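Engineer: Just passing along the structure, written as structure tokens.
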Ligand SMILES: [Zn+2]
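In our numbering, the protein residues as written are 1 to 120.
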């Protein structure tokens with residue numbers, strides 16, 4: 001059983017939560033100037049790393065509040081839980097944020113190739 005520390009309710013069973021997927025996805029600023037494929041990439045493509053991943057979670061069977069979490073996808077350990085609209089403060093969370101290739105708008109990503117090779 002996995003316990004998740006809701007920032008509003010405290011430790012609760014994982015069955016009370018829903019994971020909303022990857023956190024910090026930047027919406028393309030010039031969405032009318034990008035191709036349908038680029039917009040589909042923004043809308044549907046998500047990272048699936050082995051290691052620390054930044055996710056959005058909702059306490060669906062509790063307070064129904066959303067929050068962000070830095071979670072290790074190998075060990076399932078929650079490294080950090082932080083508020084929506086804020087950035088990770090832990091070293092691992094900051095590294096996961098900097099390492100993800102989808103943090104920039106499409107035009108910024110095109111100008112700055114990722115070290116992960118997910119988008120060039
Ligand atoms: Zn809660």
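Beta carbons are placed, not taken as given, at the ideal position from N, Cα and C, and that holds for glycine. Nothing here was measured: the structure is a model prediction, and the numbers come from that model.
Measuring alpha carbon to alpha carbon, tell me which of 46, 3 and 7 ends up nearest residue 81.
Structural biologist: Of the listed residues, the one whose Cα sits closest to residue 81 is 7.
Engineer: Am I right that residue 70 and residue 49 are in contact with their C-beta atoms under 8 Å? What's the rounded C-beta distance?
Structural biologist: The pair is not a contact, with the Cβ atoms about 12 Å apart (cut-off 8 Å).
Engineer: Over the uninterrupted beta strand (DSSP E) stretch that includes residue 130, give me the two end residues.
Structural biologist: Because the chain is modelled from 1 through 120, residue 130 falls outside the range shown and cannot be assessed.
Engineer: Determine the contact status of residue 11 and residue 3, defining contact as a CB-CB distance below 8 Å.
Structural biologist: Closer than 8 Å, so yes.
Engineer: Given that a residue counts as buried once 16 or more other Cβ atoms are within 10 Å of its Cβ, and exposed if not, what is residue 74?
Structural biologist: By the neighbour-count rule (16 or more Cβ atoms within 10 Å), residue 74 is not buried but exposed.
Engineer: With a 10 Å radius around its C-beta and 16 neighbouring C-beta atoms as the bar for buried, classify residue 57 as buried or exposed.
Structural biologist: Buried, since its Cβ has 16 or more Cβ neighbours within 10 Å.
Engineer: For residue 12, which beta-bridge partners are listed by DSSP?
Structural biologist: Answer is 4, bridged to residue 12.
Engineer: Does the distance from the C-beta atom of residue 16 to that of residue 76 stay below 8 Å?
Structural biologist: No, these two residues do not count as a Cβ contact at 8 Å.
Engineer: Which one of 92, 19, 67 and 98 has the shortest CA to CA distance from residue 79?
Structural biologist: Among 92, 19, 67 and 98, the Cα nearest to that of residue 79 is on 92.
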